[in-house]
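Below you'll find the structure, written out as structure tokens, and then a few comments.
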Amino acid sequence: MLPIATLATKIFGSSNARRVKSYRPRVQAINALEPEIEALSDDALRARTEEFRRQIKEGAKLDDLLVPAFATVREAAKRTLGQRHFDVQLIGGMVLHGGNIAEMKTGEGKTLVATLPVYLNALAGKGVHVVTVNDYLAQRDADWMGQIYRFLGLTVGCIVHELDDDARKDAYNCDVTYATNNELGFDYLRDNMKMSRDEMVQRDHFFAIVDEVDSILVDEARTPLIISGPLDDRAELYNAIDSFMPQLNAEDYELDEKQRQVSLTDVGNEHIEQLLEAAGMLKGSSLYDIDNVTVVHHVNQALKAHKLFQRDRDYIVKGGQVVIIDEFTGRMMAGRRYSEGLHQALEAKEHVEIQPENQTLASITFQNYFRLYKKLAGMTGTALTEASEFMDIYGLDVIEIPTNKTIARIDEDDEVYRTQREKLSAIVTTIADSVRRGQPTLVGTVSIEKSEQLSELLKDKKLISELGHKLIEQAKPLKEKESELKNYLTDIGNFLIDRARNAKGSEAVIPHNVLNARYHEQEASIIAQAGIPGAITIATNMAGRGTDIQLGGNAEYQLKDWLAEEAKAGREPTETEKKKKFEEIEARVAKDKQRALDAGGLFVIATERHESRRIDNQLRGRSGRQGDPGRSKFYLALDDDLMRIFGSDRMESVLKSLGLQEGEAITHRWMNKSLEMAQRKVEARNFDARKHVLKYDDVMNDQRKVIFEQRLEIMGEDDVSEIIQEMRNQVIDELITKHIPENAYAEQWDVAGLTEAVSNTFGLDLPIADWANEEGIADEEIRERLSKAVEEKAAYKAADIGSDLFRQIEKMVLLQTLDHLWREHLVTLEHLRQVIGFRAYGQRDPLNEYKSEAFVLFEALLSRLREAVTGQLMHIELAQEAEDEYLQPTELPPMHAHHIDATTGLDEFAMADAAIEAGGRDGYGEEERRAPLQTRRGSRDIDPSDPATWGRVARNAPCPCGSGKKYKHCHGKHD
């Protein structure tokens, strides 16, 4: 008997099917317009864009224009690219326009689908962003799909890494802008560090379509983008602590691979204390004394580097640098660095040059960046498994779009072996069979190490020969009724032996291509030719590769290769020769495609399961594009990471009780189900971790919005004197409240403290003690007298410097001080988040505690801002010929990104595209940054020994004589 839910679905259809069905009437309407639009000339077709724009100005909604606009784009695509949108692609375009996620299988043309909603929404004139996972795809799609937009009269821009601000601004001002998620996020952060609106490059966050939406909004969602600057060099400390790690014993630490954590045991703490004490690095009697906080932190990072992070899995060493490997895509993450000193610990471990650490200047997570858009949409081949996360975090529905042709791929049950050796033997046997039959094969591995291990195996003549003989021996005892298996094993065995015998020199016994981070440059070419009959391609991960595997190979790429060879030989083929060669290639590709089809299409072999079902589905989805036949199979071993970490003990005992012999595998759909259940649990745990990180980041995000909005408002004002005056009044109120408590007697007033505070903040020596001795005086009277004196000095400053220049200086001081205090605030919040978890021991919710503490810190930030801005402006002295120096734009730092580990909530990554040479964003060190502005400017003609050259010196500025005292306590004591 069928379950009720299944029965209801059979009768009424699934909710997804009903949603898809609701789009059909508009598809029919678009199809009905096709004959009419086909008859238009190019100019008439292009003129429809201006007509649509006119209708929008007159009040038409975008939804009202969907049918004619989509029909226009379809016709433009036919004329420019020679491609016509399928009906299911029109549905995909409507899903995207509605602000949803379209799940479309590999090969269904997602890149072309995006042109429909992009064109429609670009008509509003507010800019549409198409987000891709790397610069190559952004540039490729902008050039390729840009032909459609330009044909229809739209402008197209592309943001890639090397562009300057002017080029970026031009690209953002286009109707359609292609960019990577990193570039968009960084530009947003950098814009909010600029000093005027004219310098900002981005405009409205109107509509964005995210390609490979699961990769960007889920896999990289825990990766906040951070602009940061370097701290002091601590290379000696890292090297010293690294030297202790090889001396640790197994009982000194506990390793939890499941949680990706490692920690010292009590025995380990004692051992480390002894090592530190012997090296003279231990302060006090215990490792956990407050003076040793920094040392403990670096010991823990060195422990992670040695015990958790593996070379050629988590990172590689290339060109004398430690380069991170993305666990999801297997790509090198060039320029990206672990933060919190972890990358430096890895550099010490690998004995390469240690780069300095960084401090945060500005940050934002992808979740909070993409939630800035008024409308957001996405497309990918694998999103349904994360549907709840997309709805929960972004409010995005996932709608599965039917394929244009029925999927003919056969997904076989997993084969589970007891050991890696048995599993790899089975994989090599299957690969050999594919080569023998001419079937193209894609082999998916989870790491560079595994891909190269398999590659070496396919090159090893001795091992391949031994495997061949072993297969023949296995075939001998088989009975006649097992003749098919007997012949198969014998044929494969002979094939392997022949290959091993005939392989020359260092060539591989079984020719293959390896696609991983080491060969990133050739990836498009390798993928494009992975469909040639008998081709073997070993890849780390297929997410976001951006190129389809076409059976028979890709004619265009083969032509490119031929042209490159001709150019190398110094020949320049004519257009006729190019055309003839392309026809030859196309004919060969057509023959090869038929051979590949006859062999069963693309065969996807996975060497183990990933923690996420989505990653497995991305690999499977490479086969069976556009109705092609295909096949996929996963080979597993009990010592695979997923199987080992998530409980294979019971499974191993079951396999032994079944009497499983060496080389035999267990295959059953129940095994598939149990593995999927394990993956679901891991996915749920990772989702909870990402939600946990986001809840903390949302606290910072609320504060970030306030600060960034205030900056934007300040930058838009030519005159901020009213804001500055309000700050002065608030500072006065705070000083009065602090030193003259409400309803207190005059004897209880802190007159001396108020006098000193007024002197420090406003540079005024006022007879406050005399005022306080006056009969019947109240705090309000003192406030009024103080306000009057402060306003008089402010008016004098403005008149002395010049009203117009002073207004500009006020604005620059306000922005620079806000930026500096915000940076300090970010560091404080980071430190708070790292320790707030301990509040749980006191039965208090760490998140609520974090919210409360962060709010108090934010109020303190605003108070410090008022005091700092007021103090600087009241002390400011303008040296001769220094006016322009106040108004110079500050140099923004290079961009770095940090990564927050989903399980610990700690920063892990830092993207370091370049090093910052100066200590701060304005190029000044910390001491200079604290000093009043006068000490930074116009000091060229000052002679420390000649007070006549000093000009007017602020009372709280360092004395120009070089004593280190404040001016008022040194040469200015009697002024």
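Under my numbering, the letters of the sequence shown match residues 55 to 1029, in that order. Even for Gly, the Cβ is constructed at its ideal location relative to N, Cα and C.
In the DSSP assignment, the residues bridged to Asn567 are Thr591. Taking C-beta separations shorter than 7 Å and ignoring five residues to either side along the sequence, the partners of Met335 in its chain run Ala294, Val349, following chain order. If you draw a 10 Å sphere on the C-beta of Gln604, you find 16 or more other C-beta atoms in it, and that means buried. A buried status is given to Leu543, since no fewer than 16 other beta-carbon atoms sit within 10 Å of its beta-carbon.
DSSP lists Ala156 as the bridge partner or partners of Ile453. Residue environment: Met386 is assigned as buried (16 or more neighbouring CB atoms within 10 Å of its CB, all protein chains considered). Straight-line spacing of the CA atoms in Ser917 and Ser813 works out to 18 Å. Non-local C-beta neighbours of Leu438 in its own chain, meaning closer than 8 Å and more than five positions away in sequence, comprise Glu157, Val452, Glu454, ordered along the chain. Closest option to Arg555, judged by alpha-carbon separation, among Gly585, Ile518, Ile586: Ile518.
Thr721 sits away from Tyr689, with the two beta carbons spaced by 7 Å or more.
Bridge partners of Pro683 according to DSSP: Ala462. Contact between the region 663 to 677 and the region 417 to 437 is established, with three or more Cβ pairs separated by less than 8 Å. The C-beta of Asn236 has 16 or more other C-beta atoms within 10 Å across all chains shown, which makes the residue buried.
Taking Gly925 as reference, the option from Ala800, Leu508, Thr815, Lys337 with the minimal CA-CA separation is Thr815.
Residue burial is scored here from C-beta neighbours: Glu469 has at least 16 other C-beta atoms within 10 angstroms and is therefore classed as buried. Note that the C-beta distance between Ile586 and Asn567 is not below 7 Å.
Thr499 is a Cβ neighbour of Thr594, given a cutoff of 7 Å. For the region 298 to 344, the continuous beta strand (DSSP E) assignments of 3+ residues that do not extend past its boundaries occur at 307 to 310, 315 to 318, in sequence order. In the same chain as Ala908, and ignoring 5 residues on each side of it, the C-beta atoms closer than 8 Å to its own belong to Val753, Met754, Gln757, Leu883, Leu886, in chain order.
Taking one beta carbon from each stretch, the region 104 to 115 and the region 133 to 152 have fewer than 3 pairs nearer than 8 Å; the two do not touch.
Taken through DSSP and simplified to helix, strand or coil, Arg251 comes out as helix.
A direct Cα-to-Cα measurement between Asp742 and Ile822 gives close to 58 Å.
Looking only at Asn797, Cys1024, His793, the smallest Cα-Cα distance to Trp803 is reached by His793.
Ile379 and Asn188 have their C-alpha atoms spaced approximately 15 Å apart. Nearest to Val127 by alpha-carbon distance, out of Val142, Asp117, Ile84, Asp118, is Ile84. For the beta strand (DSSP E) assignment, the region 512 to 556 encloses no uninterrupted run of at least 3 residues. Counting C-beta pairs closer than 8 Å gives fewer than three between the region 248 to 266 and the region 402 to 417, which falls short of the contact rule.
For Gln375, no alpha helix (DSSP H) run applies; the uninterrupted beta strand (DSSP E) run containing it begins and ends at 375 to 378, by DSSP.
Val210 and Ile263 do not touch by the CB rule: their CB atoms are close to 14 Å apart, not below 8 Å.
If you compare the alpha carbons of Asp366, Asp772, Gly684 with that of Ser250, the shortest gap goes to Asp772. Straight across, the Cα-Cα distance linking Ala811 with Leu789 is about 8 Å.
For Gln355 against Ala399, the beta-carbon gap comes to about 4 Å, under 8 Å, which counts as contact.
Per DSSP, Tyr427 is not a residue of any alpha helix (DSSP H), being assigned neither H nor E. For a cut-off of 8 Å, the C-beta gap from Glu308 to Val316 is around 7 Å, short enough to register as a contact. DSSP lists Thr231, Ala262 as the beta-bridge partner residues of His183. For Phe657, the three-state secondary structure derived from DSSP is strand.
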